[in-house]
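Below: one structure, written as structure tokens.
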Amino acid sequence: METAEHKEAKILSSNKKETTIEFECRDGLSAEVLLSKKQ
1 METAEHKEAK ILSSNKKETT IEFECRDGLS AEVLLSKKQ
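Each residue of the sequence shown is one higher than the one before, starting from 1 at the first, in full-length UniProt numbering.
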């Protein structure tokens, strides 16, 4: 998976435990990624 040229992620939601971001890929699809603190 390759990101689009602008490579700017949009934050969809964020709290103390996790953050969800979205970015657009070169094929026109978008991906949502859930980032969470390591236990």
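Backbone N, C-alpha and C define an ideal beta-carbon position, used for all residues, glycine too.
Extent of the continuous beta strand (DSSP E) to which residue 10 belongs | Translated into positions along the sequence shown, residue 10 becomes position 10. Counting along the chain, the beta strand (DSSP E) containing residue 10 begins and ends at 10-14.
What residue range is occupied by the uninterrupted beta strand (DSSP E) comprising residue 35?
-> Your numbering for residue 35 matches position 35 in the sequence shown. Membership of residue 35 in the beta strand (DSSP E) is indicated by the continuous run 30-36.
Which residue's Cα is closest to the Cα of residue 35: 13, 7, 8?
-> Walking along the sequence shown from the start, residue 35 turns up at place 35. Closest option to residue 35, Cα to Cα, is 13.
Using only alpha-carbon positions, find the residue among 39, 37, 11 that is nearest to residue 22.
-> By one-based count along the sequence shown, residue 22 stands at place 22. Per the C-alpha coordinates, the member of 39, 37, 11 positioned closest to residue 22 is 11.
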